[in-house]
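Below is one structure; the comments refer to it alone.
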Amino acid sequence: IDLGTTYSCAVVFQHGKVDIIANDMGNRTTPSYVAFSETERLIGDSEKNQVALNPTNTIFDAKRLIGRKFWERTVQADMKHWPFKVIDDEDGWPKLRVEYKFEEKTFSQEEISSMVLTKMNETAEAYLDAKAKDAVVTVPAYFNDAQRQATKDAG
Numbered sequence: 001i002d003l004g005t006t007y008s009c010a011v012v013f014q015h016g017k018v019d020i021i022a023n024d025m026g027n028r029t030t031p032s033y034v035a036f037s038e039t040e041r042l043i044g045d046s047e048k049n050q051v052a053l054n055p056t057n058t059i060f061d062a063k064r065l066i067g068r069k070f071w072e073r074t075v076q077a078d079m080k081h082w083p084f085k086v087i088d089d090e091d092g093w094p095k096l097r098v099e100y101k102f103e104e105k106t107f108s109q110e111e112i113s114s115m116v117l118t119k120m121n122e123t124a125e126a127y128l129d130a131k132a133k134d135a136v137v138t139v140p141a142y143f144n145d146a147q148r149q150a151t152k153d154a155g
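Each residue of the sequence shown is one higher than the last, beginning at 1 in full-length UniProt numbering.
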């Protein structure tokens, strides 16, 4: 699984070849978006459209926060471009605050990434028509140890 900042994708190696798996919309990549509404949590293609309709409750670019502290310069700079709320938790980690099912909820970046990873796993299982037993989640070469560990925690 390629857990991307903007898009994610699932790939399977079988019968001696690699197949990039199309999602339920027929696309080979899935937006790394998670939208929260009064009734449901949406992940992927249709959720990207929620940005215009529900900007404060649609999380994207969450991977930019992985393994980073709230006070870091890059986090503070990125926050200026996001319509959703990022808060500082008690330990200095950024948390994402949304309204979900008429309640204010707070999620870690790892929880948001876990939701995207779950969606990608479901895509793979639908393609395979079987349980996905083993998965590799890719991370960029420039990720530091904290970012790598946070990605493992999300998986």
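Yeah, the Cβ is synthetic: ideal placement off N, Cα and C, and Gly gets one too.
Assuming residue i is part of the alpha helix (DSSP H), what are its boundary residues?
i: Arg114; result: Going by the sequence as given, residue 114 is Ser instead of Arg. Element bounds for Ser114: Gln109 to Leu128.
i: Ala77; result: Arg73 to Met79
i: Arg148; result: Asp145 to Ala154
Hey, could you find the ends of the beta strand (DSSP E) residue i is sitting in?
i: Leu53; result: No beta strand (DSSP E) contains Leu53, which is instead part of the alpha helix (DSSP H) from Gln50 to Leu53.
i: Lys95; result: Pro94 to Tyr100
i: Ile20; result: Lys17 to Ile20
i: Lys85; result: Lys85 to Asp88
i: Val12; result: Val11 to Gln14
Report whether the distance from the Cβ of residue i to the nearest heavy atom of the ligand NAD is below 6 angstroms.
i: Pro94; result: Annotation note on the ligand NAD: not contained in the displayed structure, which lists no ligands.
CA-CA distance, residue i and residue j?
i: Val18; j: Ala10; result: 10 angstroms
i: Asp24; j: Ala132; result: 17 angstroms
i: Gly92; j: Arg41; result: 26 angstroms
Kindly identify the DSSP beta-bridge partner or partners of residue i.
i: Tyr33; result: Bridge partners of Tyr33: none, in fact.
i: Glu104; result: Glu99
Are the beta-carbon atoms belonging to residue i and residue j less than 7 angstroms from one another?
i: Tyr127; j: Phe36; result: no
i: Phe1; j: Ala135; result: Note that residue 1 corresponds to Ile in the displayed sequence, not to Phe. The answer is yes: Cβ separation under 7 angstroms.
i: Asn144; j: Val98; result: no
i: Ile66; j: Ala124; result: no
i: Ile59; j: Ile112; result: yes
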